[in-house]
Structures are given as C-alpha cells and as structure tokens.
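Chains as they are written, first to last, in the working numbering: chain B, 1 to 117; chain D, 1 to 116.
Glycine included, C-beta positions come from ideal geometry on N, C-alpha and C.
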C-alpha cells in the first residue's frame, strides 16, 4: 500500500520564478492538504483540497495556488518566489468522505525541499 | 483561534528512562489532539490521537499521551526511552466546533535526544 508520495524531492529556484510541486495521496484517501514547514518551525497550513475544490485556506497570499485532479492527486503552485518561500513543503492526505467529525488523522509525505536563491 | 504550545525546545533523557514531551493547547471547544514525529529529512509520522473517551491514549512504538482538560494539556509519554526515539515531535490540534476548519494547527516542535 503506497503512502503519500511527493515530487520532486529537492528544488532550487531563483527569486521571481514559479514552481509546481506534486503530491499523490495514500491509496483510498480523497483529501489533500498542503503545509509549509520553515526551518526550525512547525508546519503551517496552506490549503486543503477535496472533490477538486479548495475547501479551506490558511494565511498565505494568493501567490500560492493549487489544484486537485480527479484521481485525487494534487499540485501546489507558487508564483513570484521570494527568499522567504524557502521551506519544506509537506503534503498530507486523509479520507474525509462520509465522516461527520474532524477526528481523522492526516498522513504526510516526505516533503519537497524548496530553496529560493 | 486555536493554538498549541510546546514549551520545551529540547528534551534530553537517558536510554531506559521514562520520557515526557509537553504540549498545551487552546481551542474554543473540546479538541481533537494529535502527536506526530519527524525524523531527519522525512515527513511527519502519525503517533496517536485523542478524540473522546479515555484520557490515556496509546499509540505507535510504545508511546502514549494523557489528555487533561482542566490543564488543557496533552503530554506525550513513554515508559522507557530508546536511542531510536531521538527525533522531532509535534503536537497538533483541530477544533471540532469550527466546522469550516479542517486544518491541523501545529506546535513549534520539541527535539527529543535520548542518550545511550
């Protein structure tokens, strides 16, 4: 049973460029959340996708956008990169359909390390 | 707004000794609480969760956590630490009363060092 996978593992970009990160959820999961983890900090919620729609968004500018595909995989796009965007980007998947409460755990991928120079 | 505090940046313990990693939370209702562990260059790995019921929750790798509503705490514990437990530990909360919120709010993390 494949867990959450992310690609690429590492990425180096220049300020002002655009980047796309990819995530495939754990088998059977229908929801993908993205988090940013800066060095020495806990993960910060970016947004969550369910049924191909953005369902909730954290305190991130609209330079951060995403997409979910019919097979539940997801992309995170960041435009006009800033030095401060350098971080580990984590994708987490979960099964939300049919649940009436929020007591579900999220399963995380290994992350994509983005360095902006 | 929900929040999580992990008051210790680092916890040092000798192998074989019990360990405790502290976590306190703030939410408007009864919380959903989680512990995750992160090994170097890896994503977060789920350890355990508290939803309702027994205040002592058992999880993976011999870890357990105690929910204390009056102290708004959810400390992670293990009776006998292993060197392989050395990692970064994160406490997280989800507020069930905010139906729109699906995100986990994480603490800043506690580095556990277990000395042989």
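Residues that DSSP places opposite residue i in a beta bridge
i	result
residue 12 of chain B	B:115
residue 49 of chain D	D:34
residue 5 of chain B	B:24
residue 80 of chain B	Bridge partners of residue 80 of chain B: none, in fact.
residue 78 of chain D	D:19
residue 1 of chain D	Partner(s): none; residue 1 of chain D has no beta bridge.
residue 75 of chain B	B:22 and B:67
residue 94 of chain D	D:32
Where residue i falls: helix, strand or coil (DSSP)
i	result
residue 83 of chain D	helix
residue 60 of chain D	helix
residue 19 of chain D	strand
residue 38 of chain B	coil
Nearest-angstrom Cα separation, counted from residue j out to residue i
i	j	result
residue 87 of chain D	residue 15 of chain D	14 angstroms
residue 11 of chain B	residue 115 of chain B	6 angstroms
residue 65 of chain B	residue 115 of chain D	43 angstroms
residue 4 of chain B	residue 104 of chain B	16 angstroms
residue 22 of chain B	residue 109 of chain B	11 angstroms
residue 91 of chain B	residue 33 of chain B	6 angstroms
residue 113 of chain B	residue 89 of chain B	6 angstroms
residue 73 of chain B	residue 72 of chain D	36 angstroms
residue 37 of chain D	residue 90 of chain D	6 angstroms
residue 120 of chain B	residue 46 of chain D	With chain B covering only 1 through 117, there is no way to say anything about residue 120 of chain B.
residue 96 of chain D	residue 51 of chain D	10 angstroms
residue 8 of chain B	residue 70 of chain D	44 angstroms
Start-to-end residues for the beta strand (DSSP E) that takes in residue i
i	result
residue 66 of chain B	64–68
residue 113 of chain D	110–115
residue 47 of chain B	44–50
residue 72 of chain D	Here residue 72 of chain D belongs to no beta strand (DSSP E), and DSSP marks it neither H nor E.
residue 55 of chain B	53–57
residue 87 of chain B	87–94
Segment contact flag, the stretch 27–47 of chain B with the stretch 60–73 of chain B, C-beta cutoff 8 angstroms, min 3 pairs: yes
Any 3 or more C-beta pairs closer than 8 angstroms across the stretch 15–23 of chain B and the stretch 62–81 of chain B: yes
Any 3 or more C-beta pairs closer than 8 angstroms across the stretch 104–114 of chain D and the stretch 1–8 of chain D: yes
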